[in-house]
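S.K.: Quick note, the sequence shown lines up with residues 34 to 188 if you use the numbering used here.
Cβ atoms here follow ideal geometry from the backbone N, Cα and C, with glycine treated the same way.
Fair warning: this is a prediction, and the values are worked out from it, not measured in the lab.
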Amino acid sequence: MWRLILEKFDIGLDDVEDEEQYEKLSEKRKKTLMKSLKKKYKSYRGRLKSNYYDTEDTDVERLKDENKPPCVNKKEWKWLVEYFGSPKFQEMSKRNSKNRSCQTAGHTAGTKSFAQVIHEVCEKEQVMPNILEAYEITHTKIDKTPVNDVVKQNI
Numbered sequence: 034m035w036r037l038i039l040e041k042f043d044i045g046l047d048d049v050e051d052e053e054q055y056e057k058l059s060e061k062r063k064k065t066l067m068k069s070l071k072k073k074y075k076s077y078r079g080r081l082k083s084n085y086y087d088t089e090d091t092d093v094e095r096l097k098d099e100n101k102p103p104c105v106n107k108k109e110w111k112w113l114v115e116y117f118g119s120p121k122f123q124e125m126s127k128r129n130s131k132n133r134s135c136q137t138a139g140h141t142a143g144t145k146s147f148a149q150v151i152h153e154v155c156e157k158e159q160v161m162p163n164i165l166e167a168y169e170i171t172h173t174k175i176d177k178t179p180v181n182d183v184v185k186q187n188i
């Protein structure tokens, strides 16, 4: 995979002449890019599951062409259906649902990291928000009202 990325994209190492420095930077970029790709693929699988995997259907029903995502071939969809139905995945899903239900202070950052939100505020206002301001930014709606009573109490 990494070889394909290097063949197709410029990762900004053309100017690096020192071989040791090149290797360090290459490894660092590889780690960062692969981590990002892994996160994106995991998110993509999650969207496929929520949009196309009906928990009430049987695997036979799920594998029918009309239930398959148009962007996924039959072989990949079969693998995903088996993966989503596996005991390991089901156990992980139940555990994650239970853990998610314990969270009481919802946030409004969506898929952005809090660091990214803070960086954007810093760029816009030329001032780094303190921890309370960062909490308010990431836990209030557009109209500046808290997302729920727990957040209201925390602020």
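Could you round the C-beta distance between V114 and R95 to whole angstroms and report it? I think they count as a contact, below 8 Å.
M.R.: Indeed they touch by this definition, with Cβ atoms about 5 Å apart.
S.K.: P103 by DSSP, collapsed to three states: which one?
M.R.: Coil at P103, not helix or strand.
S.K.: Here's the rule I'm using: 16 or more other beta-carbon atoms within 10 Å means buried, otherwise exposed. How should K101 be labelled?
M.R.: Under this definition K101 is a buried residue.
S.K.: Out of T88, K97, K75, point me to the one whose CA is closest to T144's CA.
M.R.: Per the Cα distances, K75.
S.K.: Identify whether T173 lies in helix, strand or coil by the three-state DSSP scheme.
M.R.: Here T173 sits in strand by DSSP.
S.K.: So who's on the other strand from P179, going by DSSP bridges?
M.R.: In the DSSP output, where bridge partners are listed per residue, P179 has T173.
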